[in-house]
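Visitor: In the UniProt record's numbering, the protein residues as written are 1 to 151.
Virtual Cβ for every residue (Gly too), placed ideally from N, Cα, C.
Note that the structure is a prediction, hence the values are computed from the model and not measured.
Got a structure for you, written out below as structure tokens; questions coming shortly.
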């Protein structure tokens, strides 16, 4: 099967982001890249996600420039979108409470939205407050490619 590679339009990129919920988030600290799978929801130029504290959050707090890649595979080819943007945390404060609730409302549409962000390989101590971190990636650039069958 011969595939034809083409650049996706901005509208096609947005459409793929709206339909996707899983991607690979890349961040960097001191020149060392780090990439992890995440669930996300897209709305109006922002990718919303959730995490527990850890390396990813520490690195994004230190360097807010991040990148996310998502794709869709089918019988006739594939589509891939890469976005670059800025990490913004939505703590449960008066100023960002509505943004945090908006992120939660988008993410909870899928029954397993919390799984990847909450699983840890070792037991966690009980805490008096919620350590859950809601955040957004404010998209600055977006590009996509598609390779589809020429049949």
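#1: For the stretch 19-77, list the beta strand (DSSP E) runs that are entirely contained and at least 3 residues long, ordered along the chain.
#2: Report buried or exposed for residue 149, applying the criterion of at least 16 other Cβ atoms within 10 angstroms of its Cβ.
#3: Tell me whether residue 51 is buried or exposed, calling it buried when 16 or more other Cβ atoms sit within 10 Å of its Cβ.
#4: Please report how far the alpha carbon of residue 24 lies from the alpha carbon of residue 35, in whole angstroms.
#5: Throw me the rounded Cβ distance for the residue 42 and residue 17 pair, which I believe falls under 8 Å.
#6: With burial defined as no fewer than 16 other Cβ atoms inside 10 Å of the residue's Cβ, what is the status of residue 3: buried or exposed?
#7: Just checking, does the stretch 4-14 make contact with the stretch 51-67 on the three C-beta pairs under 8 Å criterion?
#8: Based on Cα-Cα distance, which residue from 87, 131, 145, 141 lies nearest to residue 28?
#9: Let me know if residue 76 comes out buried or exposed under the rule of 16 or more other beta-carbons within 10 Å of its beta-carbon.
#10: Start and end of the beta strand (DSSP E) containing residue 143?
#11: Could you pull out every residue in the same chain whose Cβ sits closer than 6 Å to the Cβ of residue 67, ignoring the five residues on either side in sequence?
Guide: Looking at the atomic coordinates:
#1: 22-29, 32-39, 41-43, 46-51, 65-74
#2: Mapped onto the chain shown, residue 149 falls at position 149. Residue 149 should be labelled exposed.
#3: Working through the chain shown from its first residue, we reach residue 51 at position 51. Classification for residue 51: buried.
#4: Reading the chain shown from its first residue, position 24 is the one you call residue 24. Reading the chain shown from its first residue, position 35 is the one you call residue 35. Going by the C-alpha atoms only, they are around 6 Å apart.
#5: Counting from 1 along the chain shown, the entry for residue 42 is found at position 42. Counting from 1 along the chain shown, the entry for residue 17 is found at position 17. With 8 Å as the limit, residue 42 and residue 17 qualify as a contact, their Cβ atoms being about 4 Å apart.
#6: Here the question's residue 3 lines up with position 3 in the chain shown. Residue 3 comes out exposed.
#7: no
#8: Locating residue 28 in the chain shown gives position 28, where the first residue counts as 1. Selected option, being the one with the closest Cα: 87.
#9: Within the chain shown, numbered from 1, the residue matching residue 76 stands at position 76. Exposed is the call here.
#10: To locate residue 143, count along the chain shown from 1; it is residue 143. First-last of the beta strand (DSSP E) with residue 143: 133-149.
#11: Taking the first residue of the chain shown as 1, we reach residue 67 at position 67. Contacts found: 26, 84.
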